[in-house]
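Data block below; observations after.
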Amino acid sequence: MMLGVVDACFLIDWSRYRRRELLASLFEAILVHEEVLAQLRSPSAVDFASRLLARGALRLYPWSTAEEELYVQLRDEVALDPRIPSLERPDLLCLVIARRTGAVLLTENLGVLRVVQFHPAYSRVTAWTALEVLEQMVYRGLIEVGSVEEFLNIISEYCEDAKHVFSSRRMKDVTGRVRAWLGR
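According to my numbering, the sequence shown is numbered sequentially starting from 1.
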């Protein structure tokens with residue numbers, strides 16, 4: 001099984017999803033920095049994170065001086081790249097944790113995704129949005145679908161619950177992969 005690292009945007013959105021409890025089944029553990037937890041305000045997100053912490057599925061990441069140095073370096077480099085929108089400290093901390101541990105970064109933040117896309121030292125970080133998480137849940141049998149239409153229904157459920165919209169380009173990409181997987 002794999003490790004995950006979660007940011008606040010992802011936790012907030014995922015906490016509204018009716019199948020939210022499946023997230024813990026996808027990962028051996030999900031790492032979180034205490035500053036990410038401090039960003040949670042909505043009762044559903046706080047409750048969800050608390051339940052995951054109590055079960056041991058969500059674990060506080062032990063931050064070190066070496067990681068703080070990586071954060072400062074990343075912050076300074078990101079500030080100089082016009083392709084990357086401004087990011088808050090907790091978002092950058094998640095990137096550092098993902099890079100250091102090899103964990104999958106769970107995020108909905110475009111800036112974080114741009115760092116993974118454009119920053120050479122972070123290009124090996126795997127970042128998943130809820131769309132890729134749902135896709136992986138299908139591949140691993142956590143959510144069973146027999147057709148692309150059933151998969152699209154799962155995505156519609158998520159979008160309805162989380163009040164989230166995925167781009168048509170990304171939807172086309174993921175449905176193509178799921179279609180190929182179903183046809184194997």
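Ideal Cβ placement from N, Cα and C applies to all residues, glycine included.
Endpoints, the beta strand (DSSP E) within which residue i is located
{"i": "V145", "result": "Run containing V145: none; DSSP gives neither H nor E here."}
Alpha carbon of residue i to alpha carbon of residue j, nearest angstrom
{"i": "L87", "j": "E144", "result": "36 Å"}
{"i": "R99", "j": "R184", "result": "33 Å"}
{"i": "H33", "j": "E67", "result": "12 Å"}
{"i": "L80", "j": "V115", "result": "12 Å"}
{"i": "S168", "j": "L11", "result": "23 Å"}
{"i": "L53", "j": "V46", "result": "10 Å"}
Enclosing alpha helix (DSSP H) for residue i [first to last residue]
{"i": "M137", "result": "130–139"}
{"i": "F10", "result": "8–14"}
Contact belief for residue i with residue j at Cβ below 8 Å, rounded distance in angstroms
{"i": "V36", "j": "V78", "result": "Wrong, their Cβ atoms sit about 18 Å apart, outside the cutoff."}
{"i": "L105", "j": "V112", "result": "7 Å"}
{"i": "S25", "j": "L131", "result": "Their Cβ separation, rounded to whole angstroms, is 18 Å, which puts S25 and L131 out of contact at 8 Å."}
Collapsed DSSP secondary structure at residue i in the structure displayed
{"i": "A127", "result": "strand"}
{"i": "V72", "result": "helix"}
7 Å CB neighbourhood of residue i in its chain, flanking five on each side removed
{"i": "E135", "result": "V174, R177, V178"}
{"i": "Y61", "result": "L31, V32, H33, I97"}
{"i": "A8", "result": "V36, Q39, L40, P90"}
{"i": "S44", "result": "S15, R16"}
Heavy atom of the ligand GDP within 7 Å of residue i beta-carbon
{"i": "R19", "result": "Ligands are entirely absent from the displayed structure, and the ligand GDP is therefore not among its contents."}
Beta-carbon proximity list for residue i, same chain, < 6 Å, skipping 5 on both sides
{"i": "L92", "result": "Y71, L74, R75"}
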